[in-house]
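**Student:** First residue of the sequence shown: 1, per this note's numbering; consecutive thereafter. Glycine residues also receive a C-beta, built at the ideal position from the N, C-alpha and C atoms. This structure is a prediction, so every number in the text was calculated from the model and none was measured. Below is a structure I'd like to ask you about.
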Amino acid sequence: MTTPIDAVSAAGVAPLSALSFESGSGTAGSAASAGAFATSLTGAVEGLQQLQSTSNELAVQAVTGDLQDIHQAMIASARAGVTLDLVVAVRDRSVSAFNEIMRMQA
């Protein structure tokens, strides 16, 4: 069974379906959409930082022998890695879209 893309979200990253894009004319709709996108990206970066911090703490505990279950460290590391890949992919696509918009002629 396949999962719809709007239902997929990495830990610490808001689902993309939470973004609302108004289809109105004028700058009010554009400003609201840009604000929602910026808020979503800010939340994703903050979530990524939290996941990396947790992963680093668990890695230190594993090295010092204070961690009881090594699986916790491995899962935290994998979550941080996958979330980083997702944030980098979104950033790359955003930069690509921005470049395409800038190449359009008025």
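Using a Cβ-Cβ cutoff of less than 8 Å, which residues in the same chain neighbour Ala73 once the five nearest sequence positions on both sides are dropped?
**Tutor:** Within the sequence shown, numbered from 1, the residue matching residue 73 stands at position 73. Closer than 8 Å at the Cβ level, and outside the excluded window around Ala73, lie Ser55, Leu58, Ala59, Gln61, Ala62, Leu67.
**Student:** Report yes or no: do three or more beta-carbon pairs, one from the region 79 to 86 and one from the region 95 to 106, lie closer than 8 Å?
**Tutor:** Judged by Cβ distances under 8 Å, the region 79 to 86 makes no contact with the region 95 to 106, as fewer than three pairs qualify.
**Student:** What separation, rounded to the nearest whole angstrom, lies between the Cα atoms of Leu48 and Asp69?
**Tutor:** Locating residue 48 in the sequence shown gives position 48, counting from the first residue. Locating residue 69 in the sequence shown gives position 69, counting from the first residue. Cα-Cα distance, rounded: 23 Å.
**Student:** Looking only at its chain, what residues have a beta carbon closer than 6 Å to the beta carbon of Val130, apart from the 5 residues adjacent to it on each side?
**Tutor:** The structure shown does not extend to residue 130, since the chain spans only 1 to 106, so no value can be given for it.
**Student:** By how many angstroms is the C-alpha of Glu46 removed from the C-alpha of Ser94?
**Tutor:** Along the sequence shown, one-based indexing puts residue 94 at 94. Along the sequence shown, one-based indexing puts residue 46 at 46. Cα to Cα, the separation comes out at about 18 Å.
**Student:** Count the other C-beta atoms from every protein chain shown that fall within 10 angstroms of the C-beta of Ala31, then say buried if there are 16 or more, exposed otherwise.
**Tutor:** Sequence index remark: in the sequence shown, residue 31 carries index 31 (1-based). By the 10 Å Cβ count, Ala31 comes out exposed.
**Student:** Give me the Cα-Cα distance between Ala89 and Thr42, rounded to the nearest whole angstrom.
**Tutor:** Residue 89 sits at position 89 when you count from the first residue of the sequence shown. Residue 42 sits at position 42 when you count from the first residue of the sequence shown. Taking the straight line joining both Cα atoms gives about 15 Å.
**Student:** Nearest by alpha-carbon distance to Gln50: which of Gly35, Arg91, Phe37, Ala76 is it?
**Tutor:** To locate residue 50, count along the sequence shown from 1; it is residue 50. Measuring from the Cα of Gln50, the nearest candidate turns out to be Ala76.
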